[in-house]
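*Asks:* Numbering (this note's numbering), first residue to last: 95 to 212.
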Amino acid sequence: MIPSSPAHHIPTLVSIYELGLNEWYRVAEFRLNAKGSVELRLCNGSACPLALHWYREGIETPATVPLVTAADGPDFMRALLRPFLMSYCRIVDESSRPASHPDSDSPQRWRHHPVGTA
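1. For Pro160, which of helix, strand or coil comes out of DSSP?
2. With DSSP as the reference, label Leu144 as helix, strand or coil.
3. With which residues is Val132 paired in a DSSP beta bridge?
4. How about Arg120 and Glu133: are their beta carbons less than 9 Å apart?
5. In whole angstroms, what separates the C-alpha of Lys129 from that of Ala165?
6. Rounded to whole angstroms, what is the Cα-Cα separation between Arg176 and Ile153?
7. Looking at C-alpha atoms only, which residue of Cys142, Ala122 and Asn127 is the closest neighbour of Ile104?
8. Throw me the rounded Cβ distance for the Val186 and Ser109 pair, which I believe falls under 8 Å.
9. Which class does Tyr182 belong to by DSSP, given the choice of helix, strand or coil?
10. Under a Cβ-count criterion, where at least 16 other Cβ atoms within 10 Å of its own Cβ denotes burial, should Pro143 be classed as buried or exposed?
11. Out of Met180, Asp169, Asn138 and Arg172, point me to the one whose CA is closest to Ala122's CA.
12. Buried or exposed: Leu179, going by 16 or more other Cβ atoms within 10 Å of its Cβ?
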C-alpha cells in the first residue's frame with residue numbers, strides 16, 4: 095500500500111504528456127471513476143507504450159512491493175505521481191480541472207480502456 099500524500103489526496107485525473115518538436119502533447123490520461131476503478135484513455139490514436147505498460151503490468155516504486163496495478167484504484171493513481179526520471183515525458187496531476195474544461199474529452203479523440211480489457 096502506498097502512503098497517502100499530504101492531506102490524503104487521491105488523484106482522480108493524471109495526464110501523461112510527451113515532448114514532440116519543442117512542445118508537450120497530452121498522449122494519455124488515467125481517471126479514477128466514482129466506483130474506484132481506473133480508466134486509461136489514449137489521445138489522438140497515440141500508442142503511449144509507457145501508459146499501456148503501467149496500466150497492463152502495474153507500477154513498481156520503492157514504496158510498492160509487489161507492483162501496484164490499475165485494479166488497486168487510488169493506490170495506483172498515487173503511484174503514478176511518484177518521481178520518475180524521464181526527460182521526454184511529464185506526468186501531471188490534473189485532478190482539480192473541472193469536468194467542463196474544454197480539454198476534458200473533446201475535441202480530441204480518445205480510446206477508452208477499462209480495467210482488464212486493454
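Ideal Cβ placement from N, Cα and C applies to all residues, glycine included.
*Replies:* Walking through what the data contain:
1. strand
2. helix
3. Leu126
4. no
5. If you take the alpha carbons of Lys129 and Ala165, they lie about 11 Å apart.
6. 10 Å
7. Asn127
8. 5 Å
9. coil
10. exposed
11. Asn138
12. With fewer than 16 other Cβ atoms within 10 Å, it is exposed.
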